[in-house]
Amino acid sequence: MKYVVLFLLFGVALSNLSSEWDKFKRDYNKHYASTAEESERQQIFFENVNRIRSYQQTHSDATFTVGINHLTDRRIEELVSGSKIHFEPRPISLKSSNEVKNLPESLDWREKGVITPVIEQGELAVIQGPLVATEVVESLYAIYTNNLTEGSIPRIYDCCLQAEPDIFECIQKLGGICRKPGYPEIVNKCEPNACNPFTTFDEIKKLKEKDENTMLTWIQDSTLWVVMNAIGKGFGDYKGGIYDEPTCPKTDGNHAMQVVGYGVEGSKRYWLCKNSWGEQWGEKGYIRMKRVPPFHTLRHSSTFFQWFNSAIVRSSPNFLHSSKSNLSSSLISNSLPTLLTSVGDGRRSKV
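Those letters in the sequence shown? Residues 1 to 351, by full-length UniProt numbering.
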């Protein structure tokens, strides 16, 4: 009798999952290239739904919610960069607690009109580095000019994906970023003279230390680039709230995001981050990540979220004005030789 009951319960659970699968395909207009692919995606979906339900049952006091989204038929490893994102930190002076006492309690650069729409990265997870770097430079330009212009992510992907020491120095070598219409598709090889940059920057500040006081002062001037490890529990399934998962891996970062602000909800402080998984993920494409209290640092706490590195780019108004008139194909082609890496076979794809 015991085995009969277990068999019936298993059958009910499988039936519920099948119903969820059918609803998922309808809700997100899912179509697959073959029966084999659909079978594989269905199995991944079942595994993810079971994990989501388990998390909900065992984390009733969580500060964030998880649930099914348009990515539930994919493994988290498919959504993050498959390799370490190149980044070379530089020594800087970390900010003391006294330097953050007079900063505003919250900031949201979206309210200033300097953040471009959330992008769906699709299956090209490795594009995150170029994507976020482009967004950071776009926002800097908009802050200085009140003109929000979408930059060409494919341009940075083709020329700076494997750049050493890091992507921002590669962008400087290119002369800046081009407008999206001027370089709309990935060609998988770097063409230095393919477009004319419309903006650049003259300063890169990079932070390797886990010091959020410094990040808090930086973000007063512009948005930040951050790299994290996104394989933590609940990240891919995040629906809303303040993400706080102390079991996040402390290994090398594999996922880049743009930090567009910070704030407080009740007694909980957070960073506001723009992801690249589309508006159907999280809070319309954004996630709020737990932030350490004022005057604390991540260096002595494993319970707070761990950034692996962060960066900001800046320009003086005079530099920005002069660079707009001086950027040219000859400048770009003469500044490149060692940084650019050709990849792929020349096929085009849109981003």
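Positions of the beta carbon are idealized from the N, C-alpha and C atoms, including for glycine.
State the start and end residues of the unbroken alpha helix (DSSP H) segment that holds residue i.
{"i": "W218", "result": "E212 to W218"}
{"i": "R131", "result": "Rather than Arg, the amino acid found at residue 131 in this sequence is Leu. Its alpha helix (DSSP H) spans residues Q128 to T145."}
{"i": "Q258", "result": "Premise fails: Q258 lies in the beta strand (DSSP E), H255 to E265, not in any alpha helix (DSSP H)."}
{"i": "L174", "result": "I167 to L174"}
{"i": "V49", "result": "T35 to T58"}
What's the C-alpha gap between residue i and residue j?
{"i": "N29", "j": "K284", "result": "18 Å"}
{"i": "L148", "j": "E135", "result": "10 Å"}
{"i": "I171", "j": "I177", "result": "7 Å"}
{"i": "I92", "j": "L216", "result": "Confidence in I92 is poor, its pLDDT being 43 and thus under 50, which makes the residue's placement unreliable; the coordinate value appears in the next sentence. Near 15 Å, if we compare the C-alpha coordinates of L216 and I92."}
{"i": "residue 354", "j": "A142", "result": "There is simply no residue 354 to check, as the chain begins at 1 and stops at 351 in what is shown."}
{"i": "K23", "j": "L103", "result": "47 Å"}
{"i": "R291", "j": "A36", "result": "43 Å"}
{"i": "F64", "j": "T145", "result": "36 Å"}
{"i": "E58", "j": "L272", "result": "The sequence shown places Thr at residue 58, not Glu. If I take the Cα positions, the gap works out to 26 Å."}
{"i": "K189", "j": "V126", "result": "15 Å"}
{"i": "K173", "j": "P184", "result": "20 Å"}
{"i": "N213", "j": "F198", "result": "32 Å"}
{"i": "I115", "j": "I287", "result": "15 Å"}
{"i": "S34", "j": "S19", "result": "20 Å"}
{"i": "S139", "j": "W281", "result": "22 Å"}
{"i": "N196", "j": "K268", "result": "44 Å"}
{"i": "G240", "j": "G263", "result": "15 Å"}
{"i": "K233", "j": "Q128", "result": "20 Å"}
{"i": "M289", "j": "Y32", "result": "33 Å"}
{"i": "D27", "j": "T72", "result": "12 Å"}
{"i": "A230", "j": "I76", "result": "8 Å"}
{"i": "I52", "j": "R155", "result": "37 Å"}
{"i": "D61", "j": "G236", "result": "19 Å"}
{"i": "N254", "j": "V226", "result": "10 Å"}
{"i": "G266", "j": "E169", "result": "40 Å"}
{"i": "P192", "j": "Q162", "result": "15 Å"}
{"i": "F305", "j": "D244", "result": "Caution is warranted here: a pLDDT of 41 is assigned to F305, below 50, making its placement in the model unreliable, and the coordinate value is therefore given only provisionally. Distance between the alpha carbons of F305 and D244 is about 7 Å."}
{"i": "A256", "j": "S54", "result": "27 Å"}
{"i": "R74", "j": "M228", "result": "20 Å"}
{"i": "K205", "j": "D211", "result": "13 Å"}
{"i": "L17", "j": "Q56", "result": "16 Å"}
{"i": "E276", "j": "F45", "result": "According to the sequence shown, residue 276 is Ser rather than Glu. Cα-Cα distance, rounded: 21 Å."}
{"i": "R110", "j": "T247", "result": "30 Å"}
Assuming the contact rule is C-beta atoms closer than 8 Å, residue i and residue j should be a hit. Round their C-beta distance to whole Å, please.
{"i": "W21", "j": "Q43", "result": "Contact doesn't hold; Cβ gap of about 10 Å is too wide."}
{"i": "I219", "j": "L107", "result": "6 Å"}
{"i": "I68", "j": "V49", "result": "7 Å"}
{"i": "I186", "j": "D158", "result": "6 Å"}
{"i": "V66", "j": "Y238", "result": "6 Å"}
{"i": "V259", "j": "L224", "result": "4 Å"}
Among all the DSSP beta bridges, which residues are the ones paired with residue i?
{"i": "C159", "result": "C159 pairs with nothing; no bridge assigned."}
{"i": "W277", "result": "E120"}
{"i": "I115", "result": "According to DSSP, which records beta bridges pairwise, I115 is partnered with nothing at all."}
{"i": "E77", "result": "Answer is none; E77 lacks a bridge partner."}
{"i": "C178", "result": "P197"}
{"i": "G151", "result": "R179"}
{"i": "E283", "result": "Y286"}
For the beta strand (DSSP E) that residue i lies in, which residues bound it at each end?
{"i": "R288", "result": "Y286 to K290"}
{"i": "V66", "result": "F64 to V66"}
{"i": "L103", "result": "It is not in any beta strand (DSSP E) - L103 carries neither H nor E in the DSSP assignment."}
{"i": "P197", "result": "P197 to T199"}
{"i": "V226", "result": "L224 to M228"}
{"i": "C273", "result": "K268 to K274"}
{"i": "I242", "result": "Y238 to Y243"}
{"i": "L207", "result": "E203 to L207"}
Worksheet entry | the region 178-193 in contact with the region 151-165 per 3-pair CB rule at 8 Å | yes
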